[in-house]
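Worksheet: the structure to be examined is printed underneath.
Number of protein chains: 2
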Amino acid sequence: MQLTGRMVIGFDRVAGTGRAITAVDPRTGDGFGPEYRYGDRGDVERACALADEAFDAYRATTAERRAAFLEAIAGRLDELTGVLVRRAVSETGLPEARLTGEVGRTTGQLRLFAADLREGQTRAGPLATGGEGRPILSVDPAGDGGPEIRQGRVALGPVAVFGASNFPFAFSVAGGDTASALAAGCPVIAKAHDAHPGTCELVGRAVSEAVQEAGLPEGVFSMLYGDGPTLGIALVTDPRVRAVGFTGSRGAGLAIAGAAANRPRPIPVYAEMSSVNPVFLLPDAVAARGGELAEGFVGSVTLGAGQFCTNPGLVFAVKGAQLDAFLDAAAEALEADPGAPMLTPGIADAYARGVERLEGRPGVEIVARGREPDAAAGCRAALAVVDAADFGPDLQEEIFGACSLVVRCDDLDQVVDVARGLEGQLTATIHGRGDDAARLLPVLERLAGRIVWDGWPTGVRVGHAMVHGGPFPATSDARSTSVGSLAVERFQRPIAYQGVPR
Amino acid sequence: MQLTGRMVIGFDRVAGTGRAITAVDPRTGDGFGPEYRYGDRGDVERACALADEAFDAYRATTAERRAAFLEAIAGRLDELTGVLVRRAVSETGLPEARLTGEVGRTTGQLRLFAADLREGQTRAGPLATGGEGRPILSVDPAGDGGPEIRQGRVALGPVAVFGASNFPFAFSVAGGDTASALAAGCPVIAKAHDAHPGTCELVGRAVSEAVQEAGLPEGVFSMLYGDGPTLGIALVTDPRVRAVGFTGSRGAGLAIAGAAANRPRPIPVYAEMSSVNPVFLLPDAVAARGGELAEGFVGSVTLGAGQFCTNPGLVFAVKGAQLDAFLDAAAEALEADPGAPMLTPGIADAYARGVERLEGRPGVEIVARGREPDAAAGCRAALAVVDAADFGPDLQEEIFGACSLVVRCDDLDQVVDVARGLEGQLTATIHGRGDDAARLLPVLERLAGRIVWDGWPTGVRVGHAMVHGGPFPATSDARSTSVGSLAVERFQRPIAYQGVPR
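So the sequences go chain by chain: A and B.
At position 119 of the first sequence (counting the first as 1) the number is 119 in the working numbering, and the numbers step up by one without a gap.
At position 186 of the second sequence (counting the first as 1) the number is 688 in the working numbering, and the numbers step up by one without a gap.
Pasting the structure below:
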């Protein structure tokens, strides 16, 4: 497949006229073609007009037709796996095996929503008069002279999707936000990510071709290149766009949420922004299996150069000889980490600055560094410790990469106190049992969207029950998830049909 | 029951120290005691601190215990019906029969949520390790070496509730927002409404006594008197308050939503603000039963002096002899309307000014007025017509009271065009059948939270399937309902338990 450097606007392939970017191989620091030029307001206008035109016809499709469409996208991505992974490896520096797995996860996600649509589990589609397999959610039967009332759900409208750098498939152009919006009956306008523009083009074209093949209106999917502050905000503030899915930095997420809240007609924004995913190592667990925990912990911290939203960036434990032994084992394991290229030179710079800042922070001690990787934009792992007395809000800031800070507490009371003061998180993890764990659980329920027990937060399973979300500032809206069956409901609203003929 | 003029802060009855207000009888314009003094920041602080303290213990209660608590509130209100209605009649000018029915509706709502809790239909309560009847929403079983993942819901935290003037029971201190928040596991801090302060005191004390009798922490319920811009906003911006339920004017709703969005940690606001509830009279219906429609229409417009959020303030129909006949019949019926007192002198003034503005609006013709009622703050019904060519955004503004505007369209194309340009609404109504109706339905699905077919929008049944909500600016958040079983979910968020022991 030849890359063209063009945007996808409905069935057209459009060359941008703005600033030009290319992909950069983070292993070498070298840029490589083709050139991608940013779109302008006219491109946003055209994509939004097409999406708005497509909306009514698309949301009126049957669950079966939408399911088949999602499966067709998945089939195309499966067929393209080799091409996609080759391009993504050179754009992201991520290992081939990981990216191959990520394509499978992405197609699995599309197929999960397809299956949910068929089973009516996601409550998809409006409850029209015709039926067509659209589920009735609940019914209050006619009686006492009153009419029957049925509850269904309607799609919100065109959705703007902003993908992340760290998952070029699963959280990008055909990732969870796009899959759930399409399943919900919403057209999608994706903003391609500058960190993997060629991968975006390949995936975007595949989606658009699936739209065409399915005989759906072309406005069901478009993909634009552009920067966040201009093209991104133009999308978010276009009156035809009715919801936003975003995965990325807190700064960008808050800018989008602010722009959406200040529209004449505000719209929902589902922004996944940042999380340090606290891990609580209770004394019984550290005593019983400190060595195993150290190994698991370092594996989770260094996985994929730590470039996961669920990377365990904070650990809380009670001081003592057993914690010291855990720290020694963790330091030893981390020092053996070979390092890895990061996604972009900018991310690698931010990581290095973050670790430097941590090193200079009074009270914080860097106890181990990993090896310096052989990459232009490399990540050298870091392990730090601090006493709870010296812990502060500044140490809750995410350092995106393979870095974690262990907070040494005097006792469990102090662990619980510090936990109460933490910001909202995607995940919170407990290793331990008994009364200590029982005491901590309700605190963590208030803190996070997912509680992990005797495990590690990295690795988000795609399934019916998953919640990948959490209280602000982990996300802009804790009432949803960006992974799993429930994600579809983000892009719908309930509606009651009173006395409407079936 | 002696009224005391005091606020309810947990189990204490506290006299405010701020501005003094009294109830006003809208039939006579006379104020009457006792005096209610506004609370201050210290009162907000104390209510929020108590609510926050109560939150963990309250959300950990079993569904059964919460159900029994809601039923105990309902039981107390039932017992007090006579006292409640007498006070409310004098504070609101609403008829005794209507208010008696409204108490029943309010207790029915509490009992519906209690039944839902028992049946697990509202997914209430966190999925704790202990069980205690808390429903598991979905489970991804352990497999391939991965842990089991269960999905539950956790309560958001203390909820601030702002009731409405027009439903002194069903949308006030123990109304839908309070009932659903309590069912969800959230403590409630209600702001009493100045238009019925004594009714609020009676209901607030009943709720607090039910808290005490149930052995629940006192912070589960408080009720304060105060004005919106100071005490109200202090509540909305208190960091311990985690969600807001509001029913009232667009101005106040937008102020609350803005304050909530600008918090360091934004929170959900469910504000029901305004709606003109468009009714579409299709030619076949006007031809077949124009007289019956005119009668039903005027009945819906004048019901309760038109003081319903679902009052049909706009009607769209196609010009012709049959519409003329409908208008003649409607004018005749409306002229016979005796009028009624409105809720407050301020509301009556605003209504009179709204009708005056309409009368002076070029293109608008007032075709009928009801009789002048014998009340200090009375509502004289009004029926106006305008040609679609003269219709504009200014005519979408709600005139709260018994006033409706019929928009005469050239043909169905024009009806559909105008419908596409309407703001979000709580309801949209179709009278008609066949292709015209089929063409209109998808337009109305995008417009409103409830579609009414061959009926009238006034009268919101409390049940499982009801949706009382709708796109902005009808509400600040279309993804919810303030009436019906689904209302509970507004005050919860999903959470995943990964590998957490059962």
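Cβ coordinates follow ideal geometry from the N, Cα and C atoms, glycine included.
With a cutoff of 8 angstroms on beta-carbon distance, B/Leu942 and B/Val962 are scored as not near each other.
A direct Cα-Cα distance of roughly 21 angstroms separates B/Ala716 from B/Cys702. Residues of chain B whose Cβ lies closer than 9 angstroms to the Cβ of A/Ala60 are, in chain order, Pro944.
For the pair B/Ala890 and B/Gln927, the CB atoms are not nearer than the 8 angstroms cut-off. Contact of B/Trp958 with chain A by beta-carbon distance below 9 angstroms is absent, the smallest such distance being about 10 angstroms.
None of the residues of the segment 20-50 of chain A has a beta carbon lying less than 8 angstroms from any beta carbon of chain B. For B/Phe974, the nearest beta carbon of chain A is closer than 8 angstroms to its own beta carbon. In the displayed model, B/Pro944 falls within a helix according to three-state DSSP. Distance from the CA of A/Leu94 to the CA of A/Ala287, rounded to the nearest whole angstrom, comes to 36 angstroms.
With a threshold of 8 angstroms between beta carbons, B/Pro699 makes no contact with chain A. Using a Cβ-Cβ cut-off of 8 angstroms, B/Gly1001 is close to Val452, Trp453, Asp454, Gly455 of chain A, given in chain order.
Where B/Phe571 is concerned, the enclosing alpha helix (DSSP H) starts and stops at 565-581. With a threshold of 8 angstroms between beta carbons, B/Thr983 makes contact with chain A.
The beta carbon of B/Ala681 does not come within 8 angstroms of any beta carbon belonging to chain A, so the residue lies off that interface. Here the alpha carbons of A/Val154 and A/Ala181 stand approximately 12 angstroms from one another.
With respect to B/Ala884, B/Arg863 sits apart: the two C-beta atoms are not nearer than 8 angstroms. By the Cβ rule, the segment 552-559 of chain B does not count as touching the segment 518-528 of chain B, because fewer than three pairs are nearer than 8 angstroms. Taking all protein chains in view, the Cβ of B/Gln994 is crowded by 16 or more other Cβ atoms within 10 Å, so the residue is classified as buried. In the DSSP assignment, A/Gln151 is bridged to A/Ser138, A/Ala496. Within chain B, not a single residue places a beta-carbon under 7 angstroms from that of A/Gly101; the smallest gap is close to 13 angstroms. Judged by beta-carbon spacing, A/Ala384 lies beyond the 8 angstroms limit of A/Leu412, meaning their Cβ atoms are not closer than that value.
Fully enclosed beta strand (DSSP E) runs of no fewer than 3 residues occupy 905-911, 927-933 of the segment 890-933 of chain B, in order along the chain. Assigned with DSSP and collapsed to three states, A/Gly360 falls in helix.
The segment 733-752 of chain B makes contact with the segment 763-777 of chain B; the number of CB pairs closer than 8 angstroms reaches 3 or more. Here A/Asp436 is buried: its Cβ has 16 or more other Cβ atoms, across all protein chains shown, within 10 Å.
At least 8 angstroms separates the CB of A/Met273 from every CB of chain B. The three-state reading of DSSP puts A/Ala474 in coil, since its state is none of H, G, I, E or B. When beta bridges are read from the DSSP output, A/Lys191 appears opposite A/Phe162, A/Leu224.
At least one CB of chain B lies nearer than 8 angstroms to the CB of A/Arg493.
With respect to the C-alpha of B/Glu925, the residue from A/Ala206, A/Pro239, A/Leu235 having the closest C-alpha is A/Pro239. Residue pairing from DSSP places B/Phe748 in a beta bridge opposite B/Phe664, B/Ala773. Ranked by Cα distance from A/Val85, the options A/Ala115, A/Phe169, A/Arg46 are led by A/Phe169. Cβ neighbours of A/Ala234 within its own chain (closer than 7 angstroms, five residues either side excluded): Arg41, Val44.
Taking all protein chains in view, the Cβ of B/Asp979 is crowded by 16 or more other Cβ atoms within 10 Å, so the residue is classified as buried. Here B/Met844 is buried. Its C-beta has 16 or more other C-beta atoms within 10 Å.
When the beta-carbon positions are compared, B/Val661 and B/Ala745 come within less than 8 angstroms of each other.
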